[in-house]
Structures are given as C-alpha cells and as structure tokens.
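Read the structure below first, then the notes.
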Amino acid sequence: MTRDIASLCSLAAARAALFALACAASSAPLVAQHASASGIYPHLALYNREGECGIGAVVPWQGRLWVITYAPHEPKGSSDRLYEITPELELRVREESIGGTCANRLIHRESEQLFLGPYAIDRAGAVRAIPFARMYGRHTGTARHLREPAEKIVTATMEEGFYEVDVRTLEVRELFRDEQLGGGRKADLPGYHGKGFYSAQGRYVYANNGEHGIEALRRPEVPSGVLASWDGVAEHFEIVQRAQFTEVTGPGGLEGNAADTDPLWSLGFDHRSVILMLLDGGAWHRYRLPKASHSYDGAHGWNTEWPRIRDIGTGDEWLATMHGSFFAFPRGFRANATAGLRPRSSYLKVIGDFARFGERIAFGCDDSAANEFLNKRRAKGSLAAPPSHSNLWFVEPAALEGFGPVLARGAVWLDETVRADEASDPYLRSGCERFALHLARRGALEGRSPRLTIEIDREGRGSFEVLRVVELDTPYRWIDLSDEEGIWVRLRCDREVATLSACFHGSERDARGPEPAPIFAGLAPRASPTAPLGGLLLVRNGARKTLAVATTRGAYELDEKLLLARSAEPTLAADIESEVAVPRSVLEDDGASLLVIDDSGRRWRLPRGPEAATRAAHVLFPRVAREVATERDLFHAGGTFYELPAENAGGFAKMRPIATHAFDLHDFASYRGLLVLSGVRADAIASEHVVKSADGAAALWIGALDDLWQLGKPRGFGGPWRESAVEAGVPSDPFLVSGFDAKRLRLQAESACTLSVEIDLAGTGLWVEHRRFALEAGKRVEHDFPIGFDAYWLRVTSDVATTASAQMLYR
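Numbered per my numbering, the sequence shown spans residues 235 to 1045.
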C-alpha cells in the first residue's frame, strides 16, 4: 500500500522525534568510574545457568541501554535476564525477566514502546512480559504488521512459530505454530534455526540458516536454510532462495521501514561465500560478499549467532557484521545504488548485536560457554567448563577501520557445473587494495577450451562492462585484478563446463610491522633472562565468578574489579593444574615446520616464527589451544596466534593467522569478556592492561580478544620438507599459506627433479597445480609469489625419489 507525500513527511518527522527520544540521554559521555580494559567492563559481565549465555539484543531506549541474553535452546524460558544499563554503566537486572532464547527487537513508534525479546518497554521504562505459555518458542525477530501497523506487531521464532501481538493489550494470536509443538497450522519451510524477520513491500520476510540431519554436520555444501516471504494472507510461504540466511532488515532499522517502497536486505551464506539479497521494487537481486573467517560456516547454522546491519550514528554509512568482517553498509543500498559497501576490517569476537550508545558502539558478544557443543579437540585437552557468561565491548566508531586487516575470500563457482553464457552473481570488488581470481577446471574436456568473460560494474549502478576475456586452455589460471577498480565483478563462460571453480582472494596491504603495540609492553619477552610471572588460568564456576591463576607461589584470584589477590584456599593451585592441564605432544617440530595432527588423523604444517619467537623459553609447556569465543578456538604455535574454527566449520583446513610475537606466554583464557594472558614481566608496572597482586608475585595481562591484531604482523618460515626423503609422486603434507603477506618459496633437491607446487584454493581439498619447477642437483631455486597472491594451503610433489627441501618465508 503506497502512502501520499504528506503522510510520508509526517511519518518521517515522527520517526525523527522517536529516534531523539530513544537516544536522548545516551549521547552523554560514559563515566570512567568502573575498572575496564580495551572497552570491556568486567562488572557488566552477564551470566546464566545454562550451557551458553550470548547477548542477543542491544538497544538504546529512553537514555538507557537495554540488553537481553539467551540460552542455547530454551523456548519456555530460562535463567537469562533483561538488563537496563545507564550512561554511567550502572547495571540493573529487571525483576520482570523470564529468560528464553531471544534476539528479537523492534521500536514501535506509534505506541512508543520497545519490544525486546518477550518484553514490551514503554518510554517510562515500565516493562511488561509476554509469558512463553502464550507465545511459545525461541523469539528471533519482530516485524511491523502489514495491515494494522499502529496496533499490532508480528513475532517469529527460530522454529517457524509466528504470532500476532496487540501492542496495547499484549494479546497474542497464533498465525503459524512453532514446529516443536504438535498440531496447528505449520509454515513447513525448508531448513530450520530461524534468524531474521522483517516486513517490507507488502510481505513478511523470514530467514533460517540451518538444516536438520547428520549430513549438515559433516558437509557444508548440502542444501541448507531458506529465505522465504509471506503476504500475511496466503496459506503458505513462498521460497525466495534455498540457502543459509541470517539478518533481514531495511533502511528503517529497528523501527521498520517508513515507506512501502523502501528496500529490504538479507545477509546469508553458503559454502562458496557470503550472500546479500536485496528486495527493491518488488524484485529480488542477489550479490556475493567475501568471508574473512570460516568459523561461522557449517550447513547446521549453529555458529553464526545473529549477524546484523545497523545504524551506528555515523550518517548514511551503517555497519554490517558477517563472517568475521566489519562491512561499511550504505543506508541507501538499492539495485541502482550499491556503491559504498566495502569491508572495513576483520574481527575475532562473536557478536550478537550492537548499537551506538553515547560516543561508542556497544557490541553484545558471545564470549564463554559452559558447553563446548561440537567444538572438542585433543589439542585443547579436557578443560573444566567455565560458567556461561558474556559481556559488552565498547568501541569508538573510528576504531572499526583498525582491527584486523581486510581478508576477503570467496567463490562464485566452486567445483560445480556452469552453464553456457549464464552470468555469475556479482561479487564484491570494492574495499580490497589487492584482488585476484583463481580459475580452475577439473576432468576431461571435449572440444575447444572455454572462454570466460570478466565483467565489472565500476560505479555500482548495475551496469557491467567487459573487462577481459580469458581462455581457460589450461586447468588453472591466476589473474591479478588489483589495478581494476570497481564495485562488483561477475563472470560468464561461453560453454558448459562440468566442474569449474572461480575463487577470489582479496586483501589490503598489511601495514603492521614486527613490533607489538605499546599495550603489550608488560608481557615478558622470550629473550628475557628472568622468568615471567606465568601460571595456568581457570575461570571458576559457582558463586565466586573469579579467574584463578596457579603460580609458583600459590594461587591467586582476579575479580570483577580487576583486583588480583592471593587465595586462602590451600588446594586451589593443585586444583587449577588438574582442571586446566596443558595437553602434551600437540605440536611436533621436525625441522621442516610445526606439524599438528588433528583428531581425524589429518596432518597440517604451520610456520615457525622468527628466531626471537621460537628461541628457548622459560615456559616449557605453554597453552596451544583454547576456546576464547563461543564455538571457535585460539591456537598458539611457533609464536603465532591463529583463529581455529570448530571442526564442524572446517577446523584446521580453514584456520587463519592473527599475529606473530616473541613473548614467553604461558596460558590464555576468556574471562568476563576479557582476553587474559599469563606471562608478564616480573618488573611490569600495573596499568590498564597489567594487573598485579599486592605482593608482586602474580600478574596478568588483560585486554580485548581483538587486541591480538596489534601483536605484530604474521610472519615466519617453514615448509613441508627440509632435507626430507621424498617419494616419487607422493604429495607432501599441506603447509599453511592463507593470511600471510609477502611469500617466498625456496626449493632444493639432491638430484635433478621436477617439483610440482599445488595450492588448495578454498580450504576444501580443491588442489590445483600452480607451477612446476625443474631443479638441478644441489642448486636452490627461489620463487617470489606475486603481491596479492593468496591461497589456503600449499603442497609439493616430486617426479622422482630424492632428498628435497621446500621452505616458505613469510615476511
């Protein structure tokens, strides 16, 4: 239903007034009266008694920040709470709380209420709760009503329950019954694990991102998830696309779109790349964006939490979170105006929602879960479970450009049949200083070689021009497109090809050097003659809610005020060493590189850090792997920290480096949203990032997980072989390439041979031959990969049995 100009102007004025009400007092500066580090305030940590405690919704309303947490699967309520936070960061737990697994939020402008989870909050801060007995399910989205928007709203659950709610009486009418309940009318949509829900252009749009069944836990390429629409009248939903979708929103944000002609956006993904759907003028348009992280992957859909697109108070440049990238997202994004969308930086935190609060952005995170779910591996050992808790992370808007460097990886085709002259989805080009395309075909090819046309949309207006034509007369081609500026690229093939892959790798120049940022000055260098203040870390369960550290002088505890004090418990140090023992023999250094064998017996090789990062240290058995954000691990090897996805998201095959350092670290853990490191200099001075006990015998480094990017540029050396006896025709172990910058390969063999260097294009075992090198006996060959070249893994094969070395140097 269209509206006339006068009513639209009136609505715009009302919306502006309501926004002013919502943000009124939140523009006041936050008072620095509470202990904090890197924008994380330990006293704001939020706990529940379930297996996970993520922050599902963060909304500024009437001068307060309103927050809800969620448990993993509690459709009838839980110990989670509704929280009210003042501009001075005072925390109030609302007695009306009924918990649940909820992440829905809507500001209803006509009634001046915030609907958050199962709660209705008026402009005076009075809270009414809708019992789960009346509105059963895991509430995931709330939308404006299509026909009675001033009087009603519609809430959707993760299991396809849909409810109409009267905004004044809170009476509930079931539209579709939650699939966990028997009887009633069911939506019967493909997939499960609902996420986003919104209304626009005469329809409700619902997204889910998962799939039932064991295959979804094993194979990321199986059909999963759905984006679907319903006009509010028909008996059934219409399927828009069968893929994994999460966020659904529009330029109206949490208030809903102001005009029926406003667009709608939805973020999703599959095993190839991120998907962005646009509904504009009643027509759907599909685009593809890169992934920085694979820790969100998996056809099950469990690892994404709630990606969002939201206004962060920086004008028309909004913020989107998806697969480890902060994206600049233009509020005016439409089919003929897509410029401005770009990756800003990479991040490690798991974020469920965010909002501007005062001068900073408040990110609601999913930090520490008692349940490891499917994220178990031998490298971590059997660690005592922490209490489930998460925290807010306050970040200056300008800082969004400065976290991890842009890493943009994705495919439009991945080992699949491509029809003749059918255009691929447009893939995001903007935001990457370096940008290249891997093309690969497999299997026999009859007749002439296929020709691929690369097209580019330079201005984001939907107008593509031919950039170049490439003849794929060999099984593999690498094409550098760094000099070609534009918003989108797409591909066409002039004939059908049965198994074709087109993988893009983009990045920005990594300006980091080898030196760590000053915030790490308190950590102990490996070269120090004095032993560090180290110790194993245990996040304690029960009522204490402290972090305990076992030192050589006994046990100490860190509390929410960031005070580190000696414990009076006589057995605590021994308990810590038993409950969080470091597993042995996780890594093997055989001279060629660091070898790790995963729980499935697969072998992976990683570089050793520079000499300063690998020389003998005082800490003999440092922590190698630990979960520091829900359902993904931090992996520490050879002086380099890596992000390691859960096995159901790709595991070691999809890991990426974060930073390389030369510190003598002992342990690391997540506590009250903070990253805690042990391995502090004995003479370190207490500061924002160093806490010391009064007796000086214990100290810890504290900060944010994403501070790790500032440790130093990832670098090192190593490879699959070093004076190794190799068999003819047998590939080496894979050696990690992804995420490292300047790459040099050194090859040498005792006898004349030809070495085939292969790369894995997608971390899926899609190996292609990059180049062959003919070696003379005893002579070393060096090969510098082009700037901007990247892949996931590298392996080498010799055509004869010999003794050979294949070493990579990352500078």
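Even glycine gets a Cβ: it sits at the ideal position worked out from N, Cα and C.
As assigned by DSSP and simplified to three states, the class of residue i
{"i": "ASN605", "result": "coil"}
{"i": "ILE302", "result": "strand"}
{"i": "LEU882", "result": "The sequence given here places Asn at residue 882; Leu does not occur at that position. Three-state result, ASN882: helix."}
{"i": "ASP1033", "result": "coil"}
{"i": "GLY694", "result": "coil"}
{"i": "THR848", "result": "helix"}
{"i": "LYS977", "result": "strand"}
{"i": "ARG328", "result": "coil"}
{"i": "PHE597", "result": "strand"}
{"i": "LEU264", "result": "Residue confidence is low: LEU264 scores 49 on pLDDT, short of 50, so the model does not pin down where it sits. Its coordinate-derived value is still stated next. In the structure shown, LEU264 sits in coil (DSSP, three-state: anything other than H, G, I, E or B)."}
{"i": "GLY487", "result": "helix"}
{"i": "PRO631", "result": "helix"}
{"i": "ARG249", "result": "Annotation note: pLDDT 41 at ARG249 (below 50); position unreliable, coordinate value reported separately. Reduced to three states, the DSSP call for ARG249 is helix."}
{"i": "LYS614", "result": "helix"}
{"i": "LYS947", "result": "coil"}
{"i": "VAL798", "result": "Here residue 798 turns out to be Leu, not Val, going by the sequence shown. Three-state result, LEU798: strand."}
{"i": "ALA887", "result": "helix"}
{"i": "PRO276", "result": "helix"}
{"i": "LEU939", "result": "helix"}
{"i": "ASP793", "result": "coil"}
{"i": "ASP809", "result": "helix"}
{"i": "ARG663", "result": "coil"}
{"i": "LYS1091", "result": "Only positions 235 to 1045 of the chain appear in this structure, which leaves residue 1091 out of reach."}
{"i": "ILE919", "result": "coil"}
{"i": "ILE319", "result": "strand"}
{"i": "MET392", "result": "coil"}
{"i": "LEU255", "result": "The predicted model places LEU255 with a pLDDT of 44, which falls under 50 and marks its position as unreliable, so this point remains unresolved."}
{"i": "THR403", "result": "coil"}
Supposed contact pair residue j and residue i - C-beta distance, whole angstroms, cut 8 angstroms
{"i": "PRO968", "j": "ARG1029", "result": "5 angstroms"}
{"i": "TYR426", "j": "GLU455", "result": "18 angstroms between Cβ atoms; not a contact."}
{"i": "VAL704", "j": "ARG685", "result": "7 angstroms"}
{"i": "GLY490", "j": "SER433", "result": "7 angstroms"}
{"i": "ALA603", "j": "GLU286", "result": "4 angstroms"}
{"i": "ARG402", "j": "SER345", "result": "7 angstroms"}
{"i": "SER697", "j": "GLY638", "result": "Between GLY638 and SER697 the Cβ distance is about 33 angstroms, and since that is not below 8 angstroms, they are no contact."}
{"i": "GLY952", "j": "PRO841", "result": "4 angstroms"}
{"i": "GLY549", "j": "SER529", "result": "Wrong, their Cβ atoms sit about 31 angstroms apart, outside the cutoff."}
{"i": "GLY290", "j": "GLY311", "result": "Not quite, the Cβ-Cβ distance comes to about 14 angstroms (not below 8 angstroms), so this is no contact."}
{"i": "ILE319", "j": "ARG298", "result": "6 angstroms"}
{"i": "SER904", "j": "ALA871", "result": "Between ALA871 and SER904 the Cβ distance is about 19 angstroms, and since that is not below 8 angstroms, they are no contact."}
{"i": "LEU725", "j": "SER658", "result": "4 angstroms"}
{"i": "TYR370", "j": "GLY395", "result": "6 angstroms"}
Spatially closest choice to residue i from the options, by CA coordinates
{"i": "ARG860", "options": "HIS895, THR805, ARG702, VAL773", "result": "VAL773"}
{"i": "GLY532", "options": "PRO524, ASN338, ARG453, PHE607", "result": "ARG453"}
{"i": "GLU329", "options": "LEU340, GLN944, GLN347, ILE302", "result": "ILE302"}
{"i": "LEU715", "options": "ASP400, ALA784, CYS666, ARG675", "result": "CYS666"}
{"i": "PRO383", "options": "HIS342, ASP412, LEU734, ALA358", "result": "HIS342"}
{"i": "ARG1051", "options": "ALA777, ALA1025, GLU539, LYS610", "result": "With the chain represented from 235 up to 1045, any question about residue 1051 goes unanswered, as that position is not in the structure."}
{"i": "SER1032", "options": "GLY999, ASP975, PRO954", "result": "PRO954"}
{"i": "GLY913", "options": "VAL783, ARG594, GLU718, VAL971", "result": "VAL783"}
{"i": "ASP400", "options": "THR391, ARG407, GLU408, LYS386", "result": "LYS386"}
{"i": "ASP1018", "options": "ARG978, ALA1040, PHE366", "result": "ARG978"}
{"i": "LEU501", "options": "LYS525, GLY516, ASP707, ARG729", "result": "LYS525"}
{"i": "SER507", "options": "LEU415, MET556, ALA645, ALA755", "result": "ALA645"}
{"i": "VAL629", "options": "GLY598, GLY884, TYR790", "result": "GLY598"}
CB contact flag (residue i, residue j, <7 angstroms)
{"i": "LYS429", "j": "THR376", "result": "no"}
{"i": "GLN478", "j": "LEU461", "result": "no"}
{"i": "GLY937", "j": "SER272", "result": "yes"}
{"i": "ALA893", "j": "LEU942", "result": "yes"}
{"i": "PRO886", "j": "TRP838", "result": "Reading off the sequence, residue 886 comes out as Phe, not Pro. Going by C-beta atoms, PHE886 is nearer than 7 angstroms to TRP838."}
{"i": "ASP898", "j": "ALA959", "result": "no"}
{"i": "ALA962", "j": "ALA1035", "result": "yes"}
{"i": "ASN442", "j": "GLY466", "result": "no"}
{"i": "GLU539", "j": "GLY586", "result": "yes"}
If we require 4 or more residues per run, which alpha helix (DSSP H) segments fall completely within the segment 534-562?
none
What are the complete alpha helix (DSSP H) segments, minimum 4 residues, inside the segment 446-480?
449-452
At which residue ranges does the segment 706-771 contain complete beta strand (DSSP E) runs of 3 or more residues, listed in the order of the chain?
710-714, 722-727, 731-741
What residue ranges within the segment 811-870 form continuous alpha helix (DSSP H) runs of no fewer than 4 residues, ordered along the chain?
845-848
Which complete beta strand (DSSP E) runs does the segment 956-1021 hold, if anything under 3 residues is left out?
977-983, 987-994, 1001-1009, 1015-1018
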